[in-house]
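J.:
In this note's numbering, the protein residues as written are 4 to 306.
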């Protein structure tokens, strides 16, 4: 956790803290001292007991997986640094397998997209939520953190070129910039919400400022995302659209509709900023059956 905080990966540090808190409660429930817990104590039986403890306390298998992945990462780090032997690794085939859940990809249909775009917001907050959701959609599904961190230096010759913040620490050997071509809608949003001073190091939208610490940035981005989600849900409810919509849906709507319009997997890999094709294929595998059916129907369309 200290290492992640040192490199300003605050969200990851927070997830490790949640994992630690959960493991600590489990250990103390067995009348043992958490401070004396060592890696060699954690074996298949220990992990199964932890899972059972979580389920008995009304936690889901998804939550079990979230809390155990940091522990697995620590094991991998310990093996890599020679602290423990590979034979003591308790995870994997014929050992303990961390529960995983298949992410449900959420996307609006063409008809729903049109309906949302034509919907009339009741106030300026709903208008702002709608505008930034469609900005994300138009920018290859750019997430709110990347939108918040966008600077004027990233925009030139009617193009936005940026690196996903999510991959800056995980894919340093294969970093690929994402290019978004600025259309009329993107120009409109920048003109409406952009900061007047357009010096290269200024943030485009003023969600952040240069004086924010990394922790303050995280809070501001989280609050801005919450604002968009809250008011977008109200707008959708008023227009008989899915009320569970969130900023996450903009990325999947971009991907789904692009594929339906005939985009190739190579195009989607580059547009979404995935490191390899396998990630893109898994991404597509999570789409609904109708999407895959429509995509398959175009494979032999050579006109």
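The C-beta atom is built at its ideal place from N, Cα and C for all residues, glycine as well.
Quantities reported herein were computed from a predicted structural model and do not represent experimental measurements.
1) Name the DSSP bridge partner or partners of residue 159?
2) Using a 10 Å radius around the Cβ and a threshold of 16 neighbouring Cβ atoms, would you call residue 190 buried or exposed?
3) Please specify which runs of the beta strand (DSSP E), each continuous and at least 3 residues long, are wholly inside the segment 25-68, giving them in chain order.
4) Excluding sequence positions up to five away, which residues of its chain have a Cβ less than 7 angstroms from the Cβ of residue 248?
5) Expressed to the nearest angstrom, what Euclidean distance is found between the alpha-carbon atoms of residue 167 and residue 20?
6) Tell me whether residue 192 sits in a helix, a strand or coil according to DSSP, three-state version.
7) What does the alpha-carbon distance come out to for the pair residue 280 and residue 302?
8) Leaving out five residues before and five after residue 257 in sequence, what residues of the same chain have Cβ atoms less than 7 angstroms from its Cβ?
9) Checking the sheet assignment: what are the DSSP bridge partners for residue 206?
10) Answer with buried or exposed for residue 264, where buried requires no fewer than 16 other C-beta atoms within 10 angstroms of its C-beta.
11) Which term fits residue 229, buried or exposed, when burial requires 16 or more other beta carbons within 10 angstroms of its beta carbon?
12) Residue range of the alpha helix (DSSP H) that residue 250 falls in?
13) If I'm right that residue 211 touches residue 151 with Cβ under 8 angstroms, what's the distance once you round it to whole angstroms?
14) By Cβ distance below 7 angstroms, which residues in the same chain neighbour residue 18 in space, the five residues on each side in sequence not counted?
15) Among 187, 158, 233, 188, which one has its Cα closest to the Cα of residue 202?
16) What are the complete alpha helix (DSSP H) segments, minimum 4 residues, inside the segment 74-149?
17) Quick one: any contact between the segment 40-51 and the segment 76-89, if contact means 3 or more CB pairs under 8 angstroms?
18) Have a look at the DSSP bridge pairing and note the partners of residue 182.
19) Terminal residues of the continuous alpha helix (DSSP H) containing residue 334?
20) Please determine, among 60, 282, 70, 196, the residue with the shortest C-alpha to C-alpha distance to residue 153.
21) Is it true that the CB of residue 102 sits closer than 7 angstroms to the CB of residue 46?
22) Roughly how many angstroms separate the alpha carbons of residue 6 and residue 60, rounded to a whole number?
23) Can you have a look at residue 284 and say buried or exposed, based on whether 16 or more other CB atoms are within 10 angstroms of its CB?
24) Report buried or exposed for residue 282, applying the criterion of at least 16 other Cβ atoms within 10 angstroms of its Cβ.
25) Leaving out the 5 sequence neighbours to the left and right, which residues in its chain are closer than 7 angstroms to residue 22 when beta-carbon positions are compared?
T.: In this structure, then:
1) Position 156 of the chain shown, counting from 1, holds the residue named residue 159. Answer is 162, bridged to residue 159.
2) For the purposes of this step, residue 190 is identified with residue 187 of the chain shown, where counting begins at 1. So residue 190 ends up on the exposed side.
3) none
4) Stepping through the chain shown from its first residue, residue 248 is reached at position 245. 235, 236, 239, listed in sequence order.
5) Locating residue 167 in the chain shown gives position 164, where the first residue counts as 1. Locating residue 20 in the chain shown gives position 17, where the first residue counts as 1. Whole-angstrom Cα-Cα distance: 24 angstroms.
6) Within the chain shown, residue 192 is the residue found at index 189, counting from 1. Reduced to three states, the DSSP call for residue 192 is helix.
7) In the chain shown, counting from the first residue as 1, residue 280 sits at position 277. In the chain shown, counting from the first residue as 1, residue 302 sits at position 299. Approximately 19 angstroms between the Cα atoms of the pair.
8) Position 254 of the chain shown, counting from 1, holds the residue named residue 257. Result list for residue 257: 140, 143, 144, in chain order.
9) For the purposes of this step, residue 206 is taken as residue 203 along the chain shown, with counting starting at 1. Answer is 154, bridged to residue 206.
10) Along the chain shown, read from residue 1 onward, the residue named residue 264 stands at position 261. It is exposed - the Cβ of residue 264 has fewer than 16 other Cβ atoms within 10 Å.
11) In the chain shown, counting from the first residue as 1, residue 229 sits at position 226. So residue 229 counts as exposed.
12) Counting from 1 along the chain shown, the entry for residue 250 is found at position 247. Its alpha helix (DSSP H) spans residues 250-263.
13) Mapped onto the chain shown, residue 211 falls at position 208. Mapped onto the chain shown, residue 151 falls at position 148. The pair is a contact, with the Cβ atoms about 5 angstroms apart (cut-off 8 angstroms).
14) Residue mapping note: residue 18 aligns to position 15 of the chain shown, counting from 1. For residue 18, where only same-chain residues beyond five positions count, the Cβ hits under 7 angstroms are 73.
15) Reading the chain shown from its first residue, position 199 is the one you call residue 202. Nearest of 187, 158, 233, 188 to residue 202, Cα basis: 158.
16) 113-121, 127-141
17) yes
18) Start at 1 with the first residue of the chain shown, and residue 182 comes out as number 179. Answer is 164.
19) For the chain, the structure presents residues 4 to 306; residue 334 sits outside this window and is missing.
20) For the purposes of this step, residue 153 is taken as residue 150 along the chain shown, with counting starting at 1. Comparing Cα positions, the closest option is 196.
21) Within the chain shown, residue 46 is the residue found at index 43, counting from 1. Within the chain shown, residue 102 is the residue found at index 99, counting from 1. Not closer than 7 angstroms, so no.
22) Numbered from 1 along the chain shown, position 3 holds the residue referred to as residue 6. Numbered from 1 along the chain shown, position 57 holds the residue referred to as residue 60. Each residue's alpha carbon lies about 31 angstroms from the other.
23) Translated into the one-based positions of the chain shown, residue 284 becomes position 281. Residue 284 should be labelled exposed.
24) Translated into positions along the chain shown, residue 282 becomes position 279. The residue is exposed, with fewer than 16 neighbouring Cβ atoms inside 10 Å.
25) Within the chain shown, numbered from 1, the residue matching residue 22 stands at position 19. Only 70, 73, 74 meet the Cβ criterion.
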